[in-house]
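My numbering applies: residue 1190 is where the sequence shown begins, and numbers increase by one. What follows is a set of notes on a single structure, which appears directly below.
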Amino acid sequence: MSVGKNIQTIQTMYLLSFYFNGLLSSPVTKKSTVLLLHQSELCSVLCVLLKYFSSQLFLILSLFFGKSNAQDVISHFQALYVNPLDSYNIHWPIRRGQLNLHAGPGGSLTAVLADLEVIWSHAIQKYLEIPLKDLKYYRCILLIPDIYNKQHVKELVNMILMKMGFSGIIVHQESVCATFGSGLSSACIVDVGDQKTSVCCVEDGVSHRNTRLCLAYGGSDVSRCFYWLMQRAGFPYRDCQLTNKLDCLLLQHLKETFCHLDQDISGLQDHEFQIRHPDSPALLYQFRLGDEKLQAPMALFYPATFGIVGQKMTILQHRSQGDPEDPHDEHYLLATQSKQEQSAKATADRKSMSKPVAFEGELRGQSSDISERIYPQEVELGSSQGDCMIPGNDSEEPLTAHMSRKTAISQFEGKALGLDKAILHSIDCCASDDTKKKMYSSILVVGGGLMFHKAQEFLQHRILNKMPPSFRRVVENVEVITRPKDMDPRLIAWKGGAVLACLDTTQELWIYQREWQRFGVRMLRERAAFVW
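Rendered as structure tokens:
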């Protein structure tokens, strides 16, 4: 599509194209280190203390860490106000909902884990007033993404138990904890964060693997889109730079203050805002905005306008690469199933020898269907495994089918699904129609990326218009929940973690330090409340 045609389409849909790669870059030197952790992305790896559970832990997890007058390490909000002339190394331990591994300084898995250990250790000491030497008397809950990396989870658990010194840990998925925190037994969980959006269907405390999606955009992309729209409308603050962290905070504040999804609001309106920078007087600006306030959050439903390049826009649950410490990982199970398949095929061939020729084609068709019955998860796109093993068969047909699946998966992950389409796709991947009805009747939106006026009604209207006609007739009510029990949607998963820690049924899920030291990752397979 040409640029002119694209702009015309976007204007028709109240959207404008915005091309930015989503990276916040700055000069890097070797003097000191700054640790930054988005509060909206803490869901992926939050440690909840049982005795001193407090929502403040999530909002001010780390502010400052240093020694006397030499500030070697600064973290969280204080790091945003560091003078650029001080030449700190800037580390973001989490990006797009996953550990931020990259080729630059501090980008190795060991370095990222060390950054997280510093942030958590300082928060525990300063705000919970618990000396690190006393952590052996405490246990914690670790919330992980629905689409998780087994190696990362393993290293996080090892760091919490063996390095930080907690006595025990429970690992659970954030979507399931969101249902606990909201008091729902089943729901389609839509987590709109700062840099990622995840969708997953949870039924009776179980996250359905086939329904998991992670989209590589979030609230920060809406902020950048809003900035570009304001520039076109004559934004008076000409010195605003996306590479300036204070300016990014300003844009986020303007987005949260002015943006909405109420289609009944139209026309130009006057607005004003103040800018405060260190060692500078406060400045007051006034300007007028119209449809830009609606167009920016609508980009969540038309993510191509974000112009994010260089990465997959849609991420599915892939098969693990395997762990040498886990003797019963997926590779072992696949190898075992392959032998079973060969045995079943040999049995079918022997039976075919005693049957009339007329039935040979039918029997061959039955034997070729054995692999599909043994590998049901490899057939559907929603449960696709990008690195799945090829069944043990010498014929070319399974290989061709496997390659076509990989091609379809690659094409699907390259698509920029809108929020409403991602929800519909996730629900459509549920196993039964009854489960799909449950999901349509309970769509729970958590996270801080969709906290706009009238967002609930807007999303509900789009789901109703795009859901399959067959379900439109049988589903009594499509309900979108954005504030269950009037709680802050950014804290629902944390509330669920606190509820999980207090349940009697979870006492058998605890992994203790001595057990981890002796058995390692095998304890996750035995004790995790989800399929490891």
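The C-beta atom is built at its ideal place from N, Cα and C for all residues, glycine as well.
_Just to confirm the assignment, what range does the beta strand (DSSP E) spanning residue 1274 have?_
Locating residue 1274 in the sequence shown gives position 85, where the first residue counts as 1. Segment: none, residue 1274 is in no beta strand (DSSP E) and carries neither H nor E.
_Less than 7 angstroms between the beta carbons of residue 1490 and residue 1394, yes or no?_
By 1-based counting over the sequence shown, the position of residue 1490 is 301. By 1-based counting over the sequence shown, the position of residue 1394 is 205. Cβ distance not < 7 angstroms, so residue 1490 and residue 1394 don't count as in contact.
*With distances taken between CB atoms, is the gap from residue 1624 to residue 1645 smaller than 7 angstroms?*
Here residue 1624 is taken as the residue at index 435 of the sequence shown, counted from 1. Here residue 1645 is taken as the residue at index 456 of the sequence shown, counted from 1. Not closer than 7 angstroms, so no.
_From 1524, 1391, 1433, residue whose alpha carbon lies closest to that of residue 1620_ = Position 431 of the sequence shown, counted from the first residue, corresponds to residue 1620. Measuring from the Cα of residue 1620, the nearest candidate turns out to be 1391.
_For residue 1355, the nearest candidate out of 1715, 1275, 1706 (CA to CA)_ = As a first step, residue 1355 is located in the sequence shown; it is residue number 166 there, counting from the start. Closest by alpha carbon: 1706.
*asked:* With a threshold of 8 angstroms on Cβ separation, who are the neighbours of residue 1463 within its own chain once the five nearest residues in sequence on each side are excluded?
replied: Numbered from 1 along the sequence shown, position 274 holds the residue referred to as residue 1463. Cβ within range, chain order: 1471, 1472, 1473, 1474.
*Could you have a look at residue 1303 and say whether DSSP puts it in helix, strand or coil?*
As a working mapping, residue 1303 is identified with position 114 in the sequence shown. Of the three classes helix, strand and coil, the one that applies to residue 1303 here is helix, per DSSP.
*If you run the structure through DSSP and keep just helix, strand and coil, what is residue 1707?*
Mapped onto the sequence shown, residue 1707 falls at position 518. It is helical.
*Within the stretch 1339-1425, ranges of the beta strand (DSSP E) (whole runs, at least 3 residues)*: 1357-1362, 1375-1381, 1386-1392, 1402-1404
*How about residue 1380 and residue 1407: are their beta carbons less than 7 angstroms apart?*
Indexing the sequence shown from 1 puts residue 1380 at position 191. Indexing the sequence shown from 1 puts residue 1407 at position 218. For residue 1380 and residue 1407, no; Cβs fall outside 7 angstroms.
*Just the Cα atoms here: how many angstroms apart are residue 1720 and residue 1272?*
Locating residue 1720 in the sequence shown gives position 531, where the first residue counts as 1. Locating residue 1272 in the sequence shown gives position 83, where the first residue counts as 1. In a straight line, the C-alpha of residue 1720 is about 46 angstroms away from that of residue 1272.
*asked:* Quick check on this structure: which residue in 1509, 1307, 1324 has the alpha carbon closest to the alpha carbon of residue 1341?
replied: The residue given as residue 1341 occupies position 152 in the sequence shown. Residue 1509 is the option with its Cα nearest to residue 1341.
*Whose C-beta lies closer than 8 angstroms to the C-beta of residue 1314 among residues of the same chain, with five residues either side of it excluded?*
To locate residue 1314, count along the sequence shown from 1; it is residue 125. The answer, listed in chain order, is 1320, 1321.
_Secondary structure, alpha helix (DSSP H): runs of 4+ residues fully inside the stretch 1606-1632_ = 1608-1617, 1622-1629
_Neighbourhood of residue 1372 by C-beta, 8 angstroms cutoff - its chain only, sequence neighbours within 5 removed_ = One-based indexing of the sequence shown puts residue 1372 at position 183. Cβ within range, chain order: 1673, 1674.
*Mark residue 1335 as exposed unless 16 or more other C-beta atoms lie within 10 angstroms of its C-beta, in which case mark it buried.*
On the sequence shown, position 146 is the one that residue 1335 refers to. Buried.
_Rounding to the nearest angstrom, what Cα-Cα distance links residue 1703 and residue 1614 in this structure?_
Your numbering for residue 1703 matches position 514 in the sequence shown. Your numbering for residue 1614 matches position 425 in the sequence shown. About 43 angstroms.
*Within this structure, are the beta carbons of residue 1709 and residue 1461 separated by less than 7 angstroms?*
The residue labelled residue 1709 in the question sits at position 520 within the sequence shown. The residue labelled residue 1461 in the question sits at position 272 within the sequence shown. No, Cβ-Cβ distance for residue 1709 and residue 1461 is not below 7 angstroms.
_Taking a contact to mean a Cβ-Cβ separation below 7 angstroms, would you say residue 1301 touches residue 1282 in this structure?_
In the sequence shown, counting from the first residue as 1, residue 1301 sits at position 112. In the sequence shown, counting from the first residue as 1, residue 1282 sits at position 93. Taking 7 angstroms as the Cβ cut-off, residue 1301 and residue 1282 qualify as a contacting pair.
_DSSP three-state label for residue 1523, please._
Here residue 1523 refers to the residue found at position 334 of the sequence shown. In this structure, residue 1523 counts as helix in the three-state DSSP scheme.
*CA-CA distance, residue 1368 and residue 1387?*
Here residue 1368 is taken as the residue at index 179 of the sequence shown, counted from 1. Here residue 1387 is taken as the residue at index 198 of the sequence shown, counted from 1. Answer to the nearest angstrom: the Cα atoms are 14 angstroms apart.
*Could you tell me which of 1267, 1411, 1616 sits nearest to residue 1655, measuring between CA atoms?*
The sequence position of residue 1655 within the sequence shown is 466, counting from 1. Closest by alpha carbon: 1616.
*Alpha carbon to alpha carbon, how far is residue 1364 from residue 1466? Give it in angstroms, no decimals.*
Start at 1 with the first residue of the sequence shown, and residue 1466 comes out as number 277. Start at 1 with the first residue of the sequence shown, and residue 1364 comes out as number 175. Rounded to whole angstroms, residue 1466 to residue 1364 spans 38 angstroms at the Cα level.
*Within 7 angstroms, strictly: CB atoms of residue 1405 and residue 1284*: Translated into positions along the sequence shown, residue 1405 becomes position 216. Translated into positions along the sequence shown, residue 1284 becomes position 95. Contact flag unset, no.
*So what's residue 1476 in DSSP terms, helix, strand or just coil?*
The residue labelled residue 1476 in the question sits at position 287 within the sequence shown. If DSSP states are grouped into helix, strand and coil, residue 1476 belongs with the strands.
*State the CB to CB distance for the pair residue 1681 and residue 1370, rounded to an integer number of angstroms; the pair is presumed to be in contact (CB under 8 angstroms).*
In the sequence shown, counting from the first residue as 1, residue 1681 sits at position 492. In the sequence shown, counting from the first residue as 1, residue 1370 sits at position 181. That pair is a contact at about 4 angstroms.
*If you count every other CB in all the chains shown that lies within 10 Å of the CB of residue 1500, and 16 or more means buried, which is it?*
Numbered from its first residue, the sequence shown carries residue 1500 at position 311. When all chains shown are included, residue 1500 counts as exposed.
_Is it the case that the stretch 1636-1653 contacts the stretch 1685-1697, given that we only count it when at least three CB pairs across the two stretches are under 8 angstroms?_
no
*For the alpha helix (DSSP H) that contains residue 1652, what are its first and last residues?*
Locating residue 1652 in the sequence shown gives position 463, where the first residue counts as 1. Looking at the DSSP string, the run of the alpha helix (DSSP H) that includes residue 1652 is 1644-1655.
*How long is the line joining the alpha carbons of residue 1275 and residue 1676, rounded to whole angstroms?*
Counted from its first residue, the sequence shown places residue 1275 at position 86. Counted from its first residue, the sequence shown places residue 1676 at position 487. Residue 1275 and residue 1676: Cα-Cα distance of roughly 40 angstroms.
_Residue closest to residue 1329, alpha-carbon to alpha-carbon, out of 1303, 1378, 1309_ = Position 140 of the sequence shown, counted from the first residue, corresponds to residue 1329. Comparing Cα-Cα distances from residue 1329 to each of 1303, 1378, 1309, the minimum goes to 1309.
*Under 8 angstroms Cβ to Cβ from residue 1630, same chain only, skipping five residues before and after it: list those, please.*
Locating residue 1630 in the sequence shown gives position 441, where the first residue counts as 1. 1664, 1665, 1666, 1667, 1668, listed in sequence order.
*Expressed to the nearest angstrom, what Euclidean distance is found between the alpha-carbon atoms of residue 1533 and residue 1523?*
Residue numbering aside, residue 1533 sits at position 344 when the sequence shown is read from its first letter. Residue numbering aside, residue 1523 sits at position 334 when the sequence shown is read from its first letter. Taking the straight line from one Cα to the other gives about 15 angstroms.
_Limits of the unbroken alpha helix (DSSP H) element including residue 1680_ = Within the sequence shown, the letter at position 491 stands for residue 1680. Residue 1680 -> no alpha helix (DSSP H), and no H or E assigned at all.
*asked:* If the criterion is Cβ atoms closer than 7 angstroms, does the pair residue 1605 and residue 1712 meet it?
replied: Here the question's residue 1605 lines up with position 416 in the sequence shown. Here the question's residue 1712 lines up with position 523 in the sequence shown. No, they are not a contact pair.
*Which residues in the same chain have their Cβ closer than 6 angstroms to the Cβ of residue 1401, if we skip the five residues on either side of it in sequence?*
Translated into positions along the sequence shown, residue 1401 becomes position 212. Cβ within range, chain order: 1335, 1336, 1389, 1506.
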